[in-house]
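Following: one structure in structure tokens, then a few remarks.
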Amino acid sequence: MLLLIVAAAGWYWFSHQQQQRGGTIALYFTKQDGSSLGKMLVSMRPRRADESASEYRANLARYAAVQAVAGPPNDVAAIRFPPGTHVRSLTLDGPVANVDLSAEVERQAGGSFAETGEFKALVFTLTAIPGIDGVQVTVDGNRVSTLPGGHLELDQPLHRADW
Amino acid sequence: MLAPRPAVADSSLTISYGRQTLRLTHAVTYSGHSAVGIADPAFVALLRATGALLSWKTGQRYVLITTSTPTIVSFALGSPRYDLGPTTVQAQFAPFERGGEPYLPFDDVVRALGLAAHREGGTVVLAAGAPNAPEPAQASPTPEPLPPSPAPSGATMVTGVDVTSSDQGLTVAVAISGDATYEWHRLRDPDNRFWVDIKGATLQGPPIEQNEPAPLVSMRVRQDEPDVVRIALTLEGPKGIAVEPSTTGLGIVVSSQDVAEAPRAGNGSVGSVVSEGQIATAAVTPAPVEEPAQPGSGAEENGWKFGPRSGYVPTNPRLIVLDPGHGGSDRGTIHGGVAEAELTLDMAKRLRDILVAEGWQVKLTRSSDVDVYAPNDSAHDELQARVDVANRAGARCFVSIHANAFINAGPYGTTLYVSKPEDYALAHSIEGRLADDGTKDDGIIKAHYYVTFHTKMPAVLIETAFLSNPSDYALLTSPEWRQKVAQEIADGIERYARDNPVR
Chain A
0 MLLLIVAAAG WYWFSHQQQQ RGGTIALYFT KQDGSSLGKM LVSMRPRRAD ESASEYRANL
60 ARYAAVQAVA GPPNDVAAIR FPPGTHVRSL TLDGPVANVD LSAEVERQAG GSFAETGEFK
120 ALVFTLTAIP GIDGVQVTVD GNRVSTLPGG HLELDQPLHR ADW
Chain B
0 MLAPRPAVAD SSLTISYGRQ TLRLTHAVTY SGHSAVGIAD PAFVALLRAT GALLSWKTGQ
60 RYVLITTSTP TIVSFALGSP RYDLGPTTVQ AQFAPFERGG EPYLPFDDVV RALGLAAHRE
120 GGTVVLAAGA PNAPEPAQAS PTPEPLPPSP APSGATMVTG VDVTSSDQGL TVAVAISGDA
180 TYEWHRLRDP DNRFWVDIKG ATLQGPPIEQ NEPAPLVSMR VRQDEPDVVR IALTLEGPKG
240 IAVEPSTTGL GIVVSSQDVA EAPRAGNGSV GSVVSEGQIA TAAVTPAPVE EPAQPGSGAE
300 ENGWKFGPRS GYVPTNPRLI VLDPGHGGSD RGTIHGGVAE AELTLDMAKR LRDILVAEGW
360 QVKLTRSSDV DVYAPNDSAH DELQARVDVA NRAGARCFVS IHANAFINAG PYGTTLYVSK
420 PEDYALAHSI EGRLADDGTK DDGIIKAHYY VTFHTKMPAV LIETAFLSNP SDYALLTSPE
480 WRQKVAQEIA DGIERYARDN PVR
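Going line by line, the protein sequences match chains A and B. Counted from 1, the first sequence has number 144 at position 145 by numbering that gives the first Met the number 0; the numbering is strictly sequential. Counted from 1, the second sequence has number 362 at position 363 by numbering that gives the first Met the number 0; the numbering is strictly sequential.
Written out as structure tokens, the structure reads:
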């Protein structure tokens, strides 16, 4: 009985320690003035024992992309991706994150205002992760020059210097 | 249109403004409030005296009043809410039409004009009141930005801006009467722009826009919001700037020396309490939050994706290529039954006519409602085709015309987009002219847009106004406004060409 308590306490303490070693990532969102960025810090879980460093980075990046695409909580005024847009997949290819977005991203409001704001937040979020400096976007698995009726060039990786 | 439900009684209203006494004859009492017809000669005289312009045409839903501030006030027939600049306000009643003439709530119009009213006997006396401090509509469904906070006492004025040279550089002396707070920002090299907002102040006199000697390039002073005066400077380079309250107001000292690192924002107050404080730069400055430079980012000197294409010489220096956005299978954004593609073509044609009359050659990427490349083509083919028109012709510059939109009515204003360092001079010249186009100047934004990125010559993409915002919508659907914008863009191109002669 005592052994169980000790084991339980030991496990609790050990996992608590692990919790504390998780990092934080910065999630950026573009405010409704079209260009200034807001930032929210989110804690990440620590790397699991069975996860390699590169797997962890990819998982971290995928989480960041999902959050960036979802946007900040609803009471925050932000420029958001069209409803339903989600990250289909994310892979890391050296310093470039390949983000495949769902087809809902094509349902833009029109004009450049929203398009610029949405992708700025996504790019700044992903490039805040050490080792990532470019984001290559695809839509529903396909490379596109721009979104239909869009302005932003999407067939090359996007960098912070694009804004 | 809604018929007025309570009894509408004809009445007349005598108003006094300055030295004028005016008798409103198109006045009715509606639900206990005064309503005035927009065709009333005395009302028209009042508007003229305050420097306001009213526009409405039969069949239009919106009655627009542009005040001298300028603020755009948008009344909608049948709606009890109106827009006072970016804020939605509850009116005393919904404007209605009577005998083909819109009637507006008199008290709301008075307030929108920045006047205060009080009764003296049977006359309503109007005088310049405190800057507008509207109460926002209760439970407005559109997520509007917060209303501007009421200006302190409303008496603070920016009475003048003087630029004097010294051996260290230039001093911009802003004369301010009264108390005010200020906030300044600067953008990173190579944008080299600095601006300071004097809050709680109004500008005495007309807006200023002029070139300045080194280390400045130009200066612009104008009333940015009803209670904010903005002084914007374009610098020759990353010059050192010191902002200091002075006995007469605020001093901006621009040094001839470049600085490697400079604070990007600051604030303070002038008047009876003088201070120069610092605010957290990251939270406020529009430039992105600083992160350590990412390795291997490619040719990113000066923050541009690549260096200027200084090798470009136009083979056709008298040729300007205009690109009406969208068209054919791509309608662009659509609001209130109006498609962006129609508006862009209309504005481009007006602009073409003005430029041709001034001696330019002009080529449109499309002159009718068609895709440029082929019907239902891909975005790549379509945009590349537009770029090709300009690149193959060796044009002097490329101007793409669009209308903007968002999912809510909040954002409004004119924005210019650039992609290459050399685009900036063209954008700056055009922005200077468009600043007074009747909607907000949202500035020049760098963006990796296909057409501005791939054209070899200086290029700019102009989002003229937001179709999704009622005030902007009324402007976009007004042929007079489109003509005005075309003229302003033409003036900007002229000025750019004059200031940047071809070798």
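We put the beta carbon where it would ideally sit given N, CA and C, even for glycine.
Positions of the beta strand (DSSP E) runs, each at least 3 residues long and wholly inside the stretch 72 to 117 of chain B, are given as 80 to 83, 86 to 89, 95 to 97 and 100 to 104 in order along the chain. Residue B/Leu52 holds the alpha-carbon nearest to the alpha-carbon of B/Thr65 among B/Leu52, B/Gly58 and B/Thr57.
Residue contact with chain B for A/Leu157: present (Cβ-Cβ distance below 8 Å to some residue of chain B). Contact between A/Gly130 and A/Pro156 does not hold, since their C-beta atoms are separated by about 14 Å, which reaches or exceeds 8 Å. Using a Cβ distance threshold of 8 Å, A/Tyr27 and A/Phe123 count as a contacting pair. Here B/Lys445 is buried. Its C-beta has 16 or more other C-beta atoms within 10 Å.
For the 8 Å CB-CB criterion, B/Ile429 and B/Leu321 do not form a contact. Judged by their CB atoms, A/Val143 and A/Asp161 are not nearer to each other than the 8 Å cut-off.
Interface annotation for the stretch 106 to 133 of chain A against chain B: Ala108, Gly109, Gly110, Ser111, Phe112, Ala113, Thr115, Phe123, Thr126, Ala127 and Asp132, criterion Cβ-Cβ distance under 7 Å. A/Lys38 and A/Pro71 have their C-alpha atoms some 9 Å from each other. Within its own chain, the residues whose Cβ lies closer than 8 Å to the Cβ of B/Leu46, once the five positions on either side in sequence are excluded, are Leu52, Leu53, Ile64 and Leu112, listed in chain order. At a C-beta separation below 8 Å, B/Glu421 has no neighbours in chain A, since its nearest C-beta there lies roughly 16 Å away.
In the DSSP secondary-structure assignment, B/Met156 is bridged to B/Ser176 and B/Thr201. Across the structure, A/Ala127 and A/Ile24 are spaced so that their CA atoms are roughly 8 Å apart.
With respect to chain B, the C-beta atom of A/Glu152 has a partner C-beta closer than 8 Å. Straight across, the Cα-Cα distance linking B/Ile319 with B/Ala408 is about 34 Å. At least one beta carbon of chain B lies nearer than 8 Å to the beta carbon of A/Gln31. For A/His158 and B/Val253, the gap between their C-alpha atoms comes out near 32 Å. B/Ala404 carries a coil assignment under DSSP once its states are collapsed to helix, strand and coil.
Of all residues in the stretch 317 to 346 of chain B, the ones placed with a Cβ closer than 9 Å to any Cβ belonging to chain A are Gly324, His325, Asp329, Arg330, Gly331, Thr332, Ile333, His334 and Glu339, in chain order. The beta carbons of B/Arg317 and B/Gln360 sit closer together than 8 Å. For B/Gly412, the CB contacts under 6 Å within the same chain, skipping 5 residues up- and downstream, are Thr438, Lys439 and Asp441 in chain order. B/Asp106 and B/Ala473 have their C-alpha atoms roughly 23 Å apart. The Cβ atoms of B/Pro206 and B/Arg192 do not sit closer than 8 Å to each other.
Contact between the stretch 330 to 347 of chain B and the stretch 461 to 475 of chain B is established, with three or more Cβ pairs separated by less than 8 Å. Look at the stretch 447 to 477 of chain B: the residues with a C-beta under 9 Å from a C-beta of chain A are His447, Tyr448, Tyr449, Val450, Thr451, Phe452, His453, Leu460, Glu462, Phe465, Leu466 and Ser467.
In the DSSP annotation of this structure, B/Gly442 is not part of any alpha helix (DSSP H); the continuous beta strand (DSSP E) holding it starts and ends at Asp440 to Lys445. If you compare the alpha carbons of B/Ser328, B/Pro323 and B/Ala356 with that of B/Leu363, the shortest gap goes to B/Pro323.
Judged by DSSP in its simplified three-state form, B/Pro244 adopts strand. For A/Gly140, the closest Cβ of chain B is not nearer than 8 Å.
Between the C-alpha atoms of A/Glu105 and A/Val65 there is a straight-line separation of about 17 Å.
Residues Asn97 of the same chain have their beta carbon placed closer than 6 Å to that of A/Thr90, with the five preceding and five following residues left out of the count. Secondary structure note for A/Leu26: its beta strand (DSSP E) is the uninterrupted segment Thr23 to Thr29. In the DSSP assignment, B/Gly31 falls outside any alpha helix (DSSP H), carrying neither H nor E.
If you draw a straight line from the Cα of B/Pro79 to the Cα of B/Leu23, it comes to about 23 Å. From the beta-carbon of B/Ile443, no residue of chain A is found nearer than 8 Å; the closest lies around 11 Å away.
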